[in-house]
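Structure record follows, encoded as structure tokens.
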Amino acid sequence: MKVVVPRELAAGETRVAVTPRTVKRMDRAGLVVHIESGAGTASGITDLEFREAGATIVADRADLLSGSEIVLCVRPPDSETIDQIPTAAVLIAVLDPMIEHAVVDQLAARSISAFSLDMVPRIARAQSMDVLSSMSTLTGYQAVLLAAMALPGVMPYLTTAAGTLHPSQVLVLGAGVAGLQAIATARRLGALVWGYDIRPVVKEQVESLGAKFLELIDTSGASEDAGGYAKEQSQDQAARQQQAMTEHLAQMDAVITTALIPGRPAPILLTTEMVQAMKPGSVIVDLAAERGGNCELTKPGENFTSDSGVTILGPLHLHCTVPAHASLMYANNVANFLLHMCRDGQIDVESEDEVVCGTLVTRGGEVVHERVLAAREATES
Amino acid sequence: MQGLAELVPMSTEWLYLAAAVLFIVGIRDLSSAETARRGNLLAACGMILAIVGTMQHGLIVQWGWIVVGMVAGGVIGLVMAVFMPMTAMPERIAIVNGLGGAASGLVGICEVIRHVILPPEGTSASDFSSFHVGVAGLEIMLGAMTFTGSIVAFGKLRGLISTRPMTYPFQNVVNIGWLLVMLYLIFGLVVGSLDPVFFFVLAGMALLFGVMFVLPIGGADMPVVIAMLNAYSGLAAAATGFVLSNKVLIIAGALDGSSGLLLSLLMCRAMNRSLTNVLFGAVGGSGGGAQFSGGELQGDPQSISTVEAAERLFDARRVIIVPGYGMAAAGAHFAIREMADVLKERGISVKYAIHPVAGRMPGHMNVLLADANVPYDDLVEMEEINPEFAETDVALVMGANDICNPAARTAEGSPIYGMPILDVDKAAQVIVIKRSMSPGFAGIPNELFVAPNCAMLFGDGKQVAEQLIETLSL
Amino acid sequence: MSTVVALACLRPEMLLAHETLPAVPVATDHGVDGSELLILLYIFILASFLGHQLILRVPPLLHTPLMSGTNAISGISLVGSLVAAGLAEPVICNVLGGLAVGCAMCNVVGGFAITDRMLAKFRKGSR
Chain R
46 MKVVVPRELA AGETRVAVTP RTVKRMDRAG LVVHIESGAG TASGITDLEF REAGATIVAD
106 RADLLSGSEI VLCVRPPDSE TIDQIPTAAV LIAVLDPMIE HAVVDQLAAR SISAFSLDMV
166 PRIARAQSMD VLSSMSTLTG YQAVLLAAMA LPGVMPYLTT AAGTLHPSQV LVLGAGVAGL
226 QAIATARRLG ALVWGYDIRP VVKEQVESLG AKFLELIDTS GASEDAGGYA KEQSQDQAAR
286 QQQAMTEHLA QMDAVITTAL IPGRPAPILL TTEMVQAMKP GSVIVDLAAE RGGNCELTKP
346 GENFTSDSGV TILGPLHLHC TVPAHASLMY ANNVANFLLH MCRDGQIDVE SEDEVVCGTL
406 VTRGGEVVHE RVLAAREATE S
Chain P
15 MQGLAELVPM STEWLYLAAA VLFIVGIRDL SSAETARRGN LLAACGMILA IVGTMQHGLI
75 VQWGWIVVGM VAGGVIGLVM AVFMPMTAMP ERIAIVNGLG GAASGLVGIC EVIRHVILPP
135 EGTSASDFSS FHVGVAGLEI MLGAMTFTGS IVAFGKLRGL ISTRPMTYPF QNVVNIGWLL
195 VMLYLIFGLV VGSLDPVFFF VLAGMALLFG VMFVLPIGGA DMPVVIAMLN AYSGLAAAAT
255 GFVLSNKVLI IAGALDGSSG LLLSLLMCRA MNRSLTNVLF GAVGGSGGGA QFSGGELQGD
315 PQSISTVEAA ERLFDARRVI IVPGYGMAAA GAHFAIREMA DVLKERGISV KYAIHPVAGR
375 MPGHMNVLLA DANVPYDDLV EMEEINPEFA ETDVALVMGA NDICNPAART AEGSPIYGMP
435 ILDVDKAAQV IVIKRSMSPG FAGIPNELFV APNCAMLFGD GKQVAEQLIE TLSL
Chain H
3 MSTVVALACL RPEMLLAHET LPAVPVATDH GVDGSELLIL LYIFILASFL GHQLILRVPP
63 LLHTPLMSGT NAISGISLVG SLVAAGLAEP VICNVLGGLA VGCAMCNVVG GFAITDRMLA
123 KFRKGSR
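Residue numbers (the numbering used here), protein chains in the order written: chain R, 46 to 426; chain P, 15 to 488; chain H, 3 to 129.
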């Protein structure tokens, strides 16, 4: 089957959906790989390296896409590109289908079988295909570096002849993959780290990294749903927690927020008042900026300093700042998923395998994914 | 006994003294790894002196039987020591112990025959003092039960006899009753109310008692049993010493008896159980082995103590450590690294197998092990290390579960089916350090835990690692 | 005088057989008398206590070789077996005694050899 990798056109996107290693893996599985010229440049991979791995480099996009049977992308392709994809082809990308209805519709209209890797079921054997975990690992790490650079001081505890530098206090809100990685990174830099999450089970995980778990008030009731995600809190719960949190925030030098709800805007964890309670010179890194942000003051894609002296960073697509590893991980996720589906060089989109079903968004001209359909109904009603 | 003692020349007594000293010094030397081998040698020399001293005994007039016995016994003993594999260590100790008991019992019977049943001219049966009768009786009883008890222990260790405790209701009552009857027999023989043929009845009962006593004890507890039986054979020797007024017998027997008793108590403590629980606990289904719930696993997991684990690590040449979330939660990474250092000092190769999804976040293990100063070179990723498990002596799994569950390979329908795992079960031996048999993140039981080459070491990861360090640093 | 002292280390019956003695309590039982028994008891108790103290100092990893070593020492019953096997008569005692010698010899030789093999691996430092 002909596998095609176009260059990512979205502004600021530095990743590519294949690496020379994954090209070799696909080659061994009997797939023929064509890559658009320059696709890997932003990630530091040259056309030559791809060629040596066994791929064919194609300069013209239309040429590339014609006759393609499987298309590998990072972000959803733009509508012009979608029109060039043959009908009934397979597309694997991160589509954000719960929100990007237009893209999904266009793909359905062309009867493309689209798989969105951000929908991969979070079960044990699909972990190697989990894009969200991969990228979160990188953003969690980068967030701490951003915070460190934005801080007026250093992170670790240093006793010197010229005075004692007290360690920075870092609070990480949300202990998912990104949060845990942020905690680990901040610890490596020597900061005093607290982690917080509304799911109490996370306490042990936070402590296993050597950080302290911030105990606010007791949250009764299950706050973790079947998919391992945090459930949205009631308004009352949220208000009480905010108050308790504000007291702690006053002592923090850096706060990193990572709270996301699948398919919905990000929850607000830091209100304007809470930010005002923070020290001047402190830093907020809002990793949920893409979804509106966990902080009321966040300006997605911008960094600025509030009136009270708090620096608020709202980075978008932070993983793009480490393209070499981001591409490595993403390409592996894609290859693992593709090769999982691939039997004797063929793909069965009708497969009942849990992983395949859970990831398939459109097929045969229709949207087939349950949660995507549910999200659409919710927005329509 | 009168006959023996009067013909012991002075030189023999001095040799006996020297032998006793060598035994004491030998055992003392066994308390340190550097001098242990020398200590064994010294004790052996002591034994040689005791033998030489005995050769001068006045009563020994013919050498035929002695030579035959010594040559045959010596050859068999040497062959057994050299040719049975090291893994069969406890079995060998069991057999030779049993033979020692048999020797004591036979000597007791000899004495009974010689002085009671067929007394030499000039003496009569009543010349054999009541004290001697009593001690001879004890000798026979202890010797016989040690003999058969050791054989049963051997059978259990070899798997010839079921390793499960074989119990029946009121077994402890029966056993104690049996013992009381035997003691009564001895008493009766002492006061003369019983015919000497009852010595043989006693011997028969004691032979049976050895079997009855050991059957209800689980196979895993055999080392404790062997220590106890060792103590009994020591006491039998001491009893003989009282009979013959032979001081080296008393000293050697006392050393042996007290060491056997103390060792069994220490071993029980290391297993976190009391001696009575080990010896009598299986009856009635209470106690007798660590309690655990294996879920739907086929078979029971084998549980070992920290000392046994340390022994296995000690003997290994290649060790692979498999860390998991449990290690992180226990904060055991520093202790693990220290333990690995101790192993490396002995020339054992130690590597860490890092599964891609070990822990609760990507790179979880890396972060912690780096924090503990484990060199990056020692960390090996899954694809690279999997082929090495087959050549590994011990795989030490610390707090990892799903990532080494063989169900992922074969059990379709299992939540982890299809997930690549670490081939831990391919190692020669697997030791799993875990707090309990609770399932991992995927919530399913782990078949690895009941595999024949796998043993569970229950406890908190950090504490267990620290204990291992202490035990391994001799 | 020294001869008497030397002979006094032997059994009272021997003294009776060879010399007259100042009055020494002699038990009516042949063999063990009260004071002799007392001495032997002292020895037994002291040796037991000594054994206890010695074992306490042995580190857990050496417990198995210790068990094997003391097991070999319990083969001291060889001493009794040798005499039984070497008696003038009865023959049954010789046979049983010979058997006992064989068993005890196995215990002794096997025990020390096994212990030595176990201890061979306890070398400090790299192998």
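All residues carry an ideal CB built from backbone N, CA and C; glycine is no exception.
Can you tell which of the options has its C-alpha closest to the C-alpha of residue i?
| i | options | result |
| --- | --- | --- |
| G327(R) | L76(R), A195(R), M174(R) | The amino acid at residue 327(R) is misidentified as Gly; the sequence shows Ser. Considering only alpha carbons, the answer is A195(R). |
| M61(P) | T66(H), L42(H), S76(H), L40(H) | S76(H) |
| C402(R) | Q391(R), G410(R), M386(R) | M386(R) |
| D439(P) | L382(P), D416(P), I458(P), G432(P) | D416(P) |
| A367(P) | S452(P), G377(P), Y431(P) | G377(P) |
| I115(R) | A333(R), L237(R), A138(R) | A138(R) |
| Y44(H) | F256(P), S25(P), V333(P), M226(P) | F256(P) |
| S25(P) | A456(P), S143(P), M69(P) | M69(P) |
| A251(P) | V187(P), D235(P), G271(P), M98(P) | G271(P) |
| L418(R) | P131(R), I144(R), G354(R) | I144(R) |
| N377(R) | R232(R), R66(R), K47(R), P122(R) | R66(R) |
| I335(P) | F472(P), I350(P), A344(P) | I350(P) |
Would you mind reading off the limits of the alpha helix (DSSP H) that contains residue i?
| i | result |
| --- | --- |
| G122(P) | 103-126 |
| N109(H) | 93-122 |
| K358(P) | 347-359 |
| Y182(P) | Counting along the chain, Y182(P) falls outside any alpha helix (DSSP H), and DSSP gives it neither H nor E. |
| M164(R) | Segment: none, M164(R) is in no alpha helix (DSSP H) and carries neither H nor E. |
| N348(R) | From DSSP, N348(R) is part of no alpha helix (DSSP H) but of the beta strand (DSSP E) over 348-350. |
| M6(P) | The shown model of chain P, from 15 to 488, leaves out residue 6(P), and the question about it has no answer. |
Is there a Cβ of chain R sitting closer than 9 Å to that of residue i, yes or no?
| i | result |
| --- | --- |
| L382(P) | yes |
| R52(P) | no |
| D474(P) | no |
| G88(P) | no |
| P429(P) | yes |
| Y366(P) | no |
| Y182(P) | no |
At what residues does the beta strand (DSSP E) containing residue i begin and finish?
| i | result |
| --- | --- |
| F160(R) | 158-161 |
| I329(R) | 328-331 |
| H385(R) | From DSSP, H385(R) is part of no beta strand (DSSP E) but of the alpha helix (DSSP H) over 368-386. |
| T394(P) | Checking the sequence, you will find Val at residue 394(P) rather than Thr. That run of the beta strand (DSSP E) goes 393-395. |
| P337(P) | 332-337 |
Would residue i count as contacting chain P if we go by Cβ distances under 9 Å?
| i | result |
| --- | --- |
| S83(H) | yes |
| L225(R) | yes |
| S37(H) | no |
| L254(R) | yes |
| T350(R) | no |
| L40(H) | no |
| Q250(R) | yes |
Exposed or buried, what is residue i when buried is set at 16 or more other beta-carbons lying within 10 Å of its beta-carbon?
| i | result |
| --- | --- |
| V251(R) | buried |
| D118(H) | buried |
| R60(R) | buried |
| G298(P) | With a pLDDT of only 45 at G298(P), under 50, the local geometry of the prediction cannot be trusted, and no value is derived from it. |
| D331(R) | buried |
| V238(P) | buried |
| T230(R) | buried |
| Q76(P) | exposed |
| L382(P) | buried |
| Q288(R) | exposed |
| T424(P) | exposed |
Flag residue i as yes if its beta-carbon sits less than 9 Å from any beta-carbon of chain A, otherwise no.
| i | result |
| --- | --- |
| R170(R) | Among the protein chains of the structure shown, namely R, P and H, there is no chain A. |
Please report whether the beta-carbon of residue i lies at a distance below 9 Å from any beta-carbon of chain H.
| i | result |
| --- | --- |
| G303(P) | At G303(P) the pLDDT is 39, less than 50, meaning the model places this residue with poor confidence and gives no usable figure here. |
Taking contact to mean at least 3 C-beta pairs separated by less than 8 Å, is the segment 99-116 of chain P in contact with the segment 109-121 of chain H?
-> Cβ pair count under 8 Å is three or more, so yes.
Is it a yes or a no for the segment 186-200 of chain P touching the segment 144-155 of chain P, going by three-plus beta-carbon pairs under 8 Å?
-> yes
Are three or more beta carbon pairs between the segment 282-301 of chain R and the segment 207-217 of chain R nearer than 8 Å?
-> yes
May I ask you to verify whether the segment 453-473 of chain P touches the segment 422-434 of chain P, counting CB pairs closer than 8 Å and requiring at least 3?
-> yes
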